[in-house]
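Numbering (the UniProt record's numbering), first residue to last: 1 to 199.
Ideal placement from N, C-alpha and C gives every residue a C-beta, glycine not left out.
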C-alpha cells in the first residue's frame, strides 16, 4: 500500500552553482513576499554576470550604498531600478538614508514576488545594515535580524552597526502591506489605514 508523500517544498531560485554564488546572499522574510539579495559591488566588467543572477532572482531594484562603479543604464534597460543611498563605509545610515530606504521597501512591497538587491563594496557592512532594518520593520527583533543575516552572510556587521541595529525602533510607514505583514506574523487581521486630512 502506497503512502502519501508530503507536498514538495516551495522551490526558490538557487545561487549556489553560479560563478557568483559565494558573493550573493538571498535573505527571505517568512511573512513577506519581498526578498533581499546582499552582494558585493559589481563593476562594468562583471555587471553582465550579476545581471543574469538578477533576472533569475526577479530583482526589481538595486540599491547602491557605495559610490557607483558601473553605469546604471544597463540595469535600467532591463527593467531594474537603481537607487543610490551612499553612506560612510563601516558606518550606520543617517536618518535621511533610512527614510529613503523605507520608501524603497514600501514600493517593492507593492510588487508580487520581488527581490531588492543591496550592495556596498564587500557586502558585509552597509548593505546588511539596510536589509536588517527592513527585517526589523517587518517585525523581526533586532538581534534576531542580525543573527539571521549572519547565518546567510558570514562576517556581516561591525560592532557600531550591531549597536545601532540593537537600538533601532520600527518606524511607522505609510504602506498598508508593512502593517498587514506584521499583523499576519503576530496573528492579527489587517488594520484600516488612517488617512490624515489637511484643512
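For residue 31 and residue 120, the rounded distance between their alpha carbons: Here the C-alpha atom of residue 120 lies approximately 26 angstroms from the C-alpha atom of residue 31.
So, with DSSP's three-state summary, where would you put residue 119? Here residue 119 sits in strand by DSSP.
With a threshold of 16 other CB atoms inside 10 Å of the CB of residue 43, please say whether the residue is buried or exposed. Residue 43 is exposed by the Cβ-count criterion.
According to DSSP, is residue 44 part of a helix, a strand, or is it coil? Residue 44 carries a coil assignment under DSSP once its states are collapsed to helix, strand and coil.
Run of the beta strand (DSSP E) containing residue 75, from where it starts to where it stops: Per DSSP, residue 75 lies in no beta strand (DSSP E); the unbroken alpha helix (DSSP H) holding it starts and ends at 73-77.
Go through its chain and collect everything with a Cβ distance to residue 69's Cβ below 8 angstroms, but skip five positions before and after it. Around residue 69: 41, 42, 43, 44.
Going by DSSP, what residue range makes up the beta strand (DSSP E) through residue 38? Its beta strand (DSSP E) spans residues 35-39.
Figure out for me which residue from 62, 128, 51 has the closest Cα to the Cα of residue 90. Measuring from the Cα of residue 90, the nearest candidate turns out to be 128.
Just grab the DSSP bridge partners of residue 25 for me. Residue 25 pairs with 38.
Does residue 23 pass the burial test, meaning 16 or more other C-beta atoms within 10 Å, or should it be called exposed? Around the beta carbon of residue 23, 16 or more other beta carbons lie within 10 angstroms, which makes this residue buried.
For residue 163, count neighbouring Cβ atoms within 10 angstroms of its own Cβ and tell me buried if that reaches 16, exposed if not. Within 10 angstroms of the beta-carbon of residue 163 lie fewer than 16 other beta-carbons, which makes it exposed.
Is it the case that the stretch 51-67 contacts the stretch 138-147, given that we only count it when at least three CB pairs across the two stretches are under 8 angstroms? At 8 angstroms Cβ cutoff, the stretches do not touch.
Three Cβ pairs or more, each shorter than 8 angstroms: is that satisfied between the stretch 110-117 and the stretch 25-39? Segments in contact, yes.
Let me know the secondary structure DSSP gives residue 81 once reduced to three states. DSSP places residue 81 within a strand segment (E or B) once states are collapsed to three.
How many Å lie between residue 150 and residue 156 at the Cα? One C-alpha to the other measures close to 6 angstroms.
Go through its chain and collect everything with a Cβ distance to residue 111's Cβ below 7 angstroms, but skip five positions before and after it. Excluding positions up to five away in sequence, the list reads 60.
Quick one: what's residue 64 bridged to in DSSP? Residue 64 is bridged to 84, 119.
Classify residue 147: buried if its beta carbon has 16 or more other beta carbons within 10 angstroms, exposed otherwise. Classified as exposed, residue 147 has fewer than 16 neighbouring CB atoms from the shown chains inside 10 Å of its CB.
State the CB to CB distance for the pair residue 143 and residue 166, rounded to an integer number of angstroms; the pair is presumed to be in contact (CB under 8 angstroms). Contact annotation, residue 143 with residue 166: C-beta distance approximately 6 angstroms; criterion of less than 8 angstroms satisfied.
Taking the alpha-carbon positions, what's the residue 53 to residue 34 distance? Computed Cα separation, rounded: 16 angstroms.
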